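Offset between the sequence shown (1-based) and the working numbering: plus 6. Here's the structure, in structure tokens; my notes come after.
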Amino acid sequence: MVRSSSLNGDSSASHRRTPSRTVTLGHIQPQAPSCRTVYCNDRDSNMPVRFKGNSISTTKYNVFTFLPKGLFEQFRRIANIYFLGISCLSLTPISPVSPITNVAPLSMVLLVSLIKEAFEDWKRFQNDMSINNSTVEILQGQQWVPIPWRKLQVGDIVKIKQDAFFPADILFLSSTNPDGICYVETANLDGETNLKIRKALERTWDYLVPEKASEFKGEIQCEQPNNSLYTFTGNLVVQKQTLPLSPDQLLLRGCSLRNTEYIVGAVVFTGHETKVMMNAMNAPSKRSTLEKKLDKLIITIFCVLLTMCLIGAIGCSIVTDREDLYLGLQKSDWEYHNRLAIGFFTFFTLITLFSSIIPISLYVSIEMIKFIQSTQFINRDLNMYHAETNTPALARTSNLNEELGQVEYIFSDKTGTLTRNLMEFFKCSIGGISYGCGVTEIERGIAQRNGLKVHEEERSTGAIREKGFNFDDPRLMRGAWRNEPDPDLCKELFRCLAICHTVLPEGDESPEKIVYQAASPDEAALVTAAKNFGFFFYRRTPTTVYVRESHVEKMGKIQDVAYEILNVLEFNSTRKRQSVVCRYPDGRLVLYCKGADNVIFERLADGMDDVRKVTREHLEHFGSSGLRTLCLAYRDLDPETYNSWNEKFIQAKSALRDREKKLDEVAELIEKDLTLIGSTAIEDKLQEGVPNCIETLSRAGIKIWVLTGDKMETAINIAYACNLINNDMKQFIISSETDAIREAEERGDQVEIARVIKEEVKKELRKSLEEAQLYMHTVAGPKLALVIDGKCLMYALDPSLRVTLLSLSLNCTSVVCCRVSPLQKAQVTSLVRKGAKKITLSIGDGANDVSMIQAAHVGIGISGMEGMQAVMASDFAIAQFRFLTDLLLVHGRWSYLRICKVVMYFFYKNLTFTLTQFWFTFRTGFSGQRFYDDWFQSLYNVFFTALPVIVLGLFEKDVSASLSKRYPELYREGIRNSFFKWRVVAVWATSAVYQSLVCYLFVTTSSFGAINSSGKIFGLWDVSTLVFTCLVIAVNVRILLMSNSITRWHYITVGGSILAWLVFAFVYCGITTSRDRNENVYFVIYVLMSTFYFYFTLLLIPAVSLLGDFIYQWVERWFYPYDYQIVQEIHRHESDASKADHLEIENELTPQEARSYAISQLPRELSKHTGFAFDSPGYESFFASQLGVYAPQKAWDVARRASMRSRPKVPKK
């Protein structure tokens, strides 16, 4: 076998593994399907396996696939397939129109879409090239040689310097830091800026310099590439010694090295097999509900087209007779041999003639409108800008803008979403004694609801207040805990807080200057609490934690103690606890454990019932105050027990398969017979504006569900504080904390426990549903709320109970689910989305909310304290929960209104145009004679009527942003889908029929007697050009009639479109060539403009055609007003206060922010209401709906109040 050590050749992009048959390749063994073997510092041995190269590509296309794949993407749309078929038909002899009529618009639409795709892909390609050509140093011989990332191969030994990014997934071998540790920032991976500690195996610490590293010839046996960021199982075989590998030794691509001069490592996974690239999958493709309904509308229009063609085909077969000599039919015209053939060919002729009924530019226009709405309006709205974190709103997709205006159900996480995720140590319980003074926000809210006055206790003289610590109790502060009944237990609690964690200290080793880097704010708060109690954690190595302890031996004495960390049993969502085994300097072995109360209580030693009972009461009190609780426990270990257990732990840690499961099983063996120390309580304050936001959204008809992992008491009290639940509501509480379930759990039979819980849940669900239905049938029944915990929810989501749960939930105004897992969050969201067919929105801030965010119609990520994984999986990102008010009630409602009007206008203008051609077929014996010139038909959609509708989609506003939030009930029109119903379609269709008849009949009838300046009567092309001119004017002016707000862009585009047609007509009618067909319209426009009839018609016909729409809008506004029209009438005499609001905001901004604000608000400042001519008497029903009372309008009330003024006019200043 020939071996090559060249570093210039890229490894193959195709990853072909060796077949599972016996192959002799030196010491190289075939790769097992579930295991990867990598030979470090030996490219030749890795070559037969053909690992993937390190070059990455995130582009959708390449030079060869762009055209076929791009066209395939475009023709996935049914409308484009339709126009492709029409274009093909227009190439046949049966087409009455030139192929250019259909080919040109289709080509233009496809060209614009492909250019957009190419531009986006070119940006991706440039980014890929920049990354692939970054340099990294690899070991070649006995020296470091820089090469591009793309040439890196599996097994290479690499050197990564401080602040550099890791080019691949690398096995950490050695570091310039002592004890083989390095610090890693994973912000690119999960958004968390806190540093993570990674530790190399002690056996590889020496491979730091190139001379020594060149001697390293290890063999890595590990799992195959996968997308699990936080797990890694493998073994390193060095000189026949097998060492277990864990995630602590894996440095992931995309992360960066911090606080370390350089490290040396071996490449394990490259390119698209790295964990970050395997996670770089697109979020599930989401289509808005309105877009799906648009497909149904297009299918309906297509059916109308078929009906029109069928009428024409039948008519043609009836009126066409071969004996009519004037038709000039010859014997060779075989298609006219019988009536069936005549009808058949006429049918396809008319399809090409009427093809413009389906708007070809609809999708492109909507995409453009949505894109500008997202980038210019949502992203630049300073009402959704969070100054503290410098975070604006971000629309990560523009596909779902209008979906924001139809949301009926919101599913929200609690921590970090409703609350700030800024944790403060507030209270604790030690040995059955509760410590800590002060009143939480939740307690204030409870007292306020009950009409009680809260007595604020004054803080003690020595109270300490810093970030993460808001505890006040002189019994524990400044060493006073030594005088408590059980000081030893106090000492155990403080040591547990100082030792049992994964926090990294940064900065000076002094209490004032040290900074704690923690995986969660809770951990940082607990370690900060230990510091303020006199147990200052100041240094960490991979095997030791250093704590500066005060007042332990005697008051005032300070000593530095090093605790050896022997094992860490990490926290996960299944275990719900974290433990460390440590050795004191005197040799004492202790297991410290902290976790959820139910998990710790199950593992306590016998004889602790009294302390457990009192601690449980304290936990319930802490929970009712809205505090987050943890229980702490410890266990003294004898050396023999520990050594026996540690052997099993090492075996489990070395396992290549099911390592996590085996580690959990081994942990169960030692996490038992615990001694309860006590509990801690941390306050997580509510975000600013959350209660008002929830109240506003509830008035808008939106139901809000809270899905949280917290205890039921905490969740309920947060719900009270948020105005989600109040005392006037009837609450249905389904909890697993019942006597029957407790008795079953005490017996310990898992099958019996499952049966009992399911029966209890079934009984409670049915009982609650019956009661809810009774309340729903009463006239003034209370609002309903459901509270259910995760254990009960698991059984309630069973297929046999799912329907009952859904029925009960839909009858409730608020739902709170406690102790739920990430999977259950997604299941509940999917239950409402698919079961109730309602539009859902999920909002969260952490990695545990990703599945819920992706399961909903719209996913909102909050860029908070738990990293950016929720944001990266979301459709929209905001910084605070309260910004939902602006996102939904303003931008969402406006987007829904705009897109609905755009779609209806497209439908109307194309139907109007096509119907004039349809009416003409009745005069031509259904022969398929075209009424318009080919270029008129081609450019009608893409040039003469394209821009005004885009302006409508961008700047349409029924009411201002402030009124949208002042009257949240306006949002209900979107929930009811009031602007995209079949009734609305029918109204627009009627308008199209009326206008087409007016334009066609008025012109054709009056032109019989019209003559030009030469004394000749008008011909076909004179009449059709005049009709086309009237149509262009009418449909463009219709935009102004349907707009609630008009900007200068409306006038520019409407006037510009009409002018563009006239200029085109002048040029087009003034030229002719021997090869085209425009000799028909040659000089037509000049002949028309020489007559008075032309100008009189242009004034009369559009006015008469729009008169019907004007009368309809008058009747609708007077007798059947929409809610927004009522609000318009209420405030029509008020000056636009938005500019004053703008000035107030600008005063608080920096010059750069003010400039950004001014730019983003330009369209809004230019927009002015047109004024409304008709008072609407329908106010009572609107205000009744605000109060939840149904009060239908009565015709006689309308007539009686017709002449009444709602309020006197405010004189203009």
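Each residue gets a CB set at the ideal place from its N, CA and C atoms; glycine is no exception. Only a predicted model underlies this, so the values are computations on that prediction, with no experimental measurement involved.
The alpha-carbon of Ala876 is positioned some 6 Å away from that of Gly850. Nearest to Asn817 by alpha-carbon distance, out of Met782, Ala687, Ser101, Asp127, is Met782. Taking C-beta atoms as the reference points, Ser140 and Trp155 count as a pair closer than 7 Å.
With respect to the C-alpha of Asp185, the residue from Ile269, Met283, Val244, Asn138 having the closest C-alpha is Ile269. Three or more Cβ pairs closer than 8 Å define a contact, and the region 905 to 924 meets that threshold against the region 938 to 958. The beta carbon of Glu279 sits closer than 6 Å to the beta carbons of Lys58, Pro231 from its chain, once the five residues preceding and following it are set aside; these are given in chain order. Spanning the alpha carbons of Pro250 and Ala531 requires a straight line of approximately 33 Å. Inclusion of Gly442 and Phe477 in the CB contact set at 7 Å is warranted, their separation being smaller than that value. By the C-beta criterion, the region 167 to 179 is judged to be in contact with the region 255 to 269, since at least 3 inter-stretch pairs fall below 8 Å. For Tyr552, the three-state secondary structure derived from DSSP is strand.
The beta-carbon separation of Arg204 and Asp162, rounded to 19 Å, does not stay under the 8 Å limit for a contact. DSSP places Asn916 in no beta strand (DSSP E) but in the uninterrupted alpha helix (DSSP H) bounded by 899 to 929. Residue burial is scored here from C-beta neighbours: Glu677 has at least 16 other C-beta atoms within 10 angstroms and is therefore classed as buried. Only residues of its own chain outside the window of five on either side were considered, and among them Gly850, Asp855 have a CB closer than 6 Å to the CB of Asp419, listed in chain order. For the pair Glu752 and Glu608, the Cα-to-Cα distance works out to about 10 Å. Val103 sits in coil when the DSSP states are folded into three classes, being neither helix nor strand. Between Glu449 and Ser631, the C-beta spacing is below 7 Å. The three-state secondary structure of Trp211, taken from DSSP, is coil.
No Cβ-Cβ contact shorter than 7 Å links Met858 with Pro788.
Going by beta carbons, Glu447 and Leu257 fall outside the 7 Å limit. Residue ranges of uninterrupted alpha helix (DSSP H) with 4 or more members, entirely inside the region 587 to 669 and ordered along the chain, are 603 to 607, 615 to 630, 645 to 660. Taking the C-beta atoms as reference points, Gln148 is found nearer than 7 Å to Glu217. Taking the C-beta atoms as reference points, Ile724 is found no nearer than 7 Å to Leu495. Under the three-state reduction of DSSP output, Tyr391 falls in the coil class, being neither helix nor strand. In the structure shown, Tyr973 falls within a coil segment according to DSSP collapsed to helix, strand and coil. Judged by pairs of C-beta atoms under 8 Å, the region 652 to 659 does not touch the region 548 to 558, as fewer than three such pairs exist.
Listed as beta-bridge partners of Glu191 by DSSP are Leu201, Ser262.
Note that the C-beta distance between Glu394 and His863 is not below 7 Å. By a beta-carbon distance limit of 8 Å, Val370 contacts Val115. Their separation comes to about 5 Å.
Two segments are said to touch when three or more pairs of C-beta atoms, one from each, lie closer than 8 Å; by this definition the region 595 to 610 touches the region 638 to 653.
Per the C-alpha coordinates, the member of Ser101, Phe72, Thr64 positioned closest to Phe131 is Thr64.
Beta-bridge partners of Gln886 (DSSP): none assigned. Going by beta carbons, Phe172 and Cys261 fall inside the 7 Å limit. Ser362 and Tyr415 have their C-alpha atoms spaced approximately 39 Å apart. Under the rule that a run must span 3 or more residues, the beta strand (DSSP E) segments found entirely inside the region 756 to 819 read 790 to 795. Counting only residues of its own chain and dropping the five nearest sequence neighbours on each side, Val672 has a CB closer than 6 Å to the CB of Lys654, Phe655, Ala658.
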